[in-house]
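**Student:** Could you have a look at this structure, given as structure tokens, before my questions?
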């Protein structure tokens with residue numbers, strides 16, 4: 002696996018097997034316009050602008066007259082422009098945290114905004130292709146990347162900006178062709194840009210893979226530290242936490258400190274373009290709500306064969322996010338459409354192409370590939386969209402799942418119909434939340450489907466009751482509950498968890514997708530006037546997580562609570578995601594290793610794990626495991642930690658009892674230092690990896706008579722592997738690897 006950033010498909014990873022909104026450079030996002038204090042804004046009433054115009058304003062003050070370049074990129078391919086803006090903001094936040102000089106920070110921000118400007122000249126067949134690009138197509142995209150550098154070189158007097166973009170595609174070890182610089186020869190801005198660019202790509206959805214969680218993306222960065230990325234900068238980036246205050250500082254720098262005249266020092270001979278806004282009609286909103294809540298898949302394709310609608314039903318059926326295929330070229334291979342009787346692709350023509358060319362609708366039973374690449378029988382109804390004057394605008398296609406198996410979403414829908422509601426907010430109550438959450442955890446783990454939880458808490462709710470009265474507080478709760486219900490999907494469960502705290506159970510939803518939806522809800526509530534508060538808005542903090550191997554309902558809920566607590570601690574009005582999520586089935590960390598007895602016959606599990614993250618991060622992740630699984634720390638000494646985890650007895654015996662079977666988990670840490678030789682006479686680098694020797698045994702030997710213990714011990718091991726993002730260690734034959742004993746006390750009590 003490589004974390005190489007391809008110049009194609011929104012800087013997607015070339016060989017990472019995963020795929021609405023990406024999280025920011027830390028997994029935490031914050032800051033709609035009116036979440037920024039007024040003193041941090043320039044004299045223009047930016048806080049009253051729609052969010053799209055707000056982003057335009059950010060670009061304008063950062064690029065000055067060169068904002069026309071960004072505008073052209075946005076019109077050419079808006080996902081690339083959105084990616085570039087996220088990269089620039091991530092770079093800016095990192096630069097502020099590091100305290101870089103203002104000139105270096107300015108150059109890094111501009112380089113982040115324009116690092117993909119060469120895609121302006123790329124043909125639509127490459128930019129809009131829904132599949133991964135071939136080797137020849139990637140080489141062609143490299144040529145357009147060079148064209149972008151030529152554009153910048155002709156209009157940007159700052160060689161540092163051009164060099165940052167030019168060398169950001171190079172590898173730290175110098176092994177990528179056509180990039181001659183190595184290690185510290187590569188400009189620091191380029192090395193930082195490469196990391197943020199790769200991180201945003203990994204946490205964004207693509208048609209051929211889902212977005213990764215923040216922790217999985219960091220795991221990939223550490224895995225390629227020293228080869229593709231600067232290991233010191235990867236370590237620095239992993240420690241970055243964007244608080245609300247830091248985000249406001251970045252926004253304030255862009256909107257208040259900067260002005261177009263100051264930014265224009267980077268440019269010459271350019272003319273600014275004025276951004277345009279489009280209003281959304283009521284008819285479009287009706288259509289959006291209808292399509293968004295339909296169970297069946299609905300796909301609209303225009304006459305140029307570009308996808309213009311991909312509803313949630315299509316996402317659920319195919320596992321492909323709408324954000325990764327919209328405005329891309331439609332192809333029947335995207336769904337692997339086959340004949341339902343013969344299973345042969347060649348016997349089936351494209352239903353949409355047939356409709357557009359013939360003007361005749363069609364209805365046929367076909368096979369399409371679902372999210373697990375398994376064939377699903379669907380009735381495909383394709384209808385041409387023809388105006389009264391005979392103009393063909395495209396085709397609409399509806400796919401109805403007719404497979405005999407009752408789907409998870411249908412069962413969830415039946416559950417919601419029977420839900421007990423909270424009398425005040427009319428969302429599900431705590432008892433229904435507990436029942437459905439238990440079912441979702443069991444079912445999603447069995448079927449290896451992603452399942453996410455969003456916990457949200459109204460900020461400073463007590464002050465609302467104290468200032469405006471409890472009746473006004475009740476109105477805020479009802480309004481917030483209605484907003485959650487109106488903005489969520491048909492297969493979500495919205496519940497009032499307690500007081501001013503609400504939860505959303507998101508079936509078949511990844512960590513990154515849930516964080517994106519939390520960000521949309523955060524923006525919506527912060528921009529919504531509340532009549533009971535004299536038209537003022539409230540803010541809400543969000544914690545998000547996804548189910549992962551070894552989880553229980555309690556551990557997943559605890560991890561979501563930790564994420565919400567972090568959001569509160571980091572300044573409120575922010576979305577924080579925690580957890581790795583469900584990796585691919587091919588990932589070594591997902592393999593259920595058979596328990597093995599050690600020599601004295603005491604241990605049920607005895608295994609060495611290896612994770613690419615350094616010791617400090619491994620300890621931090623283990624602390625999360627201890628908190629979420631309510632483990633007791635028995636001892637910490639030298640290089641080892643001893644834990645006790647209780648397992649409910651009733652899971653293994655046919656009687657009702659709340660007694661727990663105590664397991665003891667011993668973890669012995671050591672640090673592996675791998676010497677990596679650098680080319681061109683550069684000094685060797687030491688890369689740190691962490692080895693964890695895990696031994697699990699029963700505290701009371703008499704409990705060995707009970708059944709199911711090996712399975713539960715393996716489940717504990719799976720949970721540890723998931724938190725540490727570790728895999729079973731293979732034999733280390735590399736003579737350049739040395740093992741070093743560590744003292745974990747300082748790391749454990751660091752916080």
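In the working numbering, the protein residues as written are 2 to 752.
For every residue, glycine included, the Cβ atom is placed at its ideal position computed from N, Cα and C.
1. Quick one: what does DSSP say residue 383 is sitting in, helix, strand or coil?
2. Secondary structure at residue 691, three-state DSSP: helix, strand or coil?
3. State the DSSP-derived secondary structure class of residue 228, mapped to helix, strand or coil.
4. Go through its chain and collect everything with a Cβ distance to residue 546's Cβ below 7 Å, but skip five positions before and after it.
5. For residue 387, which residues in the same chain have their Cβ closer than 8 Å to its Cβ, ignoring the five residues on either side in sequence?
6. Could one say the Cβ of residue 309 lies closer than 8 Å to chain D's Cβ atoms, at least one of them?
7. Could you pull out every residue in the same chain whose Cβ sits closer than 7 Å to the Cβ of residue 169, ignoring the five residues on either side in sequence?
8. Ignore the nearest five residues each way along the sequence and tell me which others in residue 439's own chain have a CB closer than 6 Å to its CB.
9. Mind checking residue 327: buried by the 16 CB within 10 Å criterion, or exposed?
10. Around the Cβ of residue 287, are there at least 16 other Cβ atoms within 10 angstroms (buried) or fewer (exposed)?
11. Between residue 329 and residue 208, is the Cβ-Cβ spacing less than 8 Å?
12. Quick check on DSSP: helix, strand or coil for residue 726?
13. DSSP puts residue 422 in a beta bridge; with which residues?
14. What does residue 479 pair with, by DSSP beta-bridge criteria?
15. Which residue comes first and which comes last in the alpha helix (DSSP H) that contains residue 92?
16. Should residue 529 and residue 478 be called a contact, given that it needs their Cβ atoms to be closer than 8 Å?
17. Please report how far the alpha carbon of residue 68 lies from the alpha carbon of residue 61, in whole angstroms.
18. Helix, strand or coil: which one does DSSP assign to residue 467?
19. Extract the residue ranges of the beta strand (DSSP E) inside the region 300-364, only unbroken runs of 3 or more that lie entirely within it.
20. Using the Cα positions of residue 70 and residue 118, report the straight-line distance between them to the nearest angstrom.
21. Suppose the cutoff is 7 Å on Cβ atoms and the five residues either side in sequence are ignored; what does the same chain contact list for residue 78 look like?
22. For residue 543, report the span of its beta strand (DSSP E) as first-last.
23. Under DSSP, the beta strand (DSSP E) around residue 575 begins and ends at which residues?
24. Going by DSSP in three states, residue 403 sits in which element: helix, strand or coil?
25. Please go through the same chain and pick out, in chain order, the residues whose beta-carbon is closer than 8 Å to the beta-carbon of residue 609, but skip the five residues on each side of it.
26. Who are residue 197's beta bridge partners in DSSP?
27. Can you tell me which of 700, 749, 714, 486 puts its alpha carbon nearest to the alpha carbon of residue 641?
28. Starting from residue 643, follow its DSSP beta bridges and name the residues at the other end.
29. Quick one: any contact between the region 77-91 and the region 132-144, if contact means 3 or more CB pairs under 8 Å?
30. Using the DSSP secondary-structure output, state which residues sit across from residue 607 in a beta bridge.
31. For residue 400 versus residue 297, is the C-beta spacing smaller than 8 Å?
32. I need the DSSP call for residue 558, collapsed to helix, strand or coil.
33. In angstroms with no decimal places, state the Cα-to-Cα distance between residue 166 and residue 132.
34. From 403, 381, 402, pick the residue whose C-alpha is nearest to that of residue 396; which is it?
35. Skipping 5 residues on each side, what residues in its chain have a beta carbon closer than 7 Å to that of residue 671?
36. Buried or exposed for residue 59, please, with buried defined as at least 16 other CB atoms from any protein chain shown within 10 angstroms of its CB.
**Tutor:** The answer reads as follows:
1. strand
2. strand
3. coil
4. 453, 454, 512, 557, 560, 561, 564, 578, 579, 580
5. 360, 393, 394
6. This model lacks chain D altogether; it includes just one protein chain.
7. 116, 191, 194, 195, 198
8. 554
9. buried
10. exposed
11. yes
12. coil
13. 429
14. Answer is none; residue 479 lacks a bridge partner.
15. 79-99
16. no
17. 5 Å
18. helix
19. 308-311
20. 7 Å
21. 120, 128
22. 541-547
23. 575-579
24. coil
25. 692, 693, 694, 695, 729, 730
26. Paired residue(s): none; residue 197 is not in a bridge.
27. 749
28. 636, 667
29. no
30. 696
31. yes
32. helix
33. 26 Å
34. 381
35. 640, 692, 740, 741, 742, 743
36. buried
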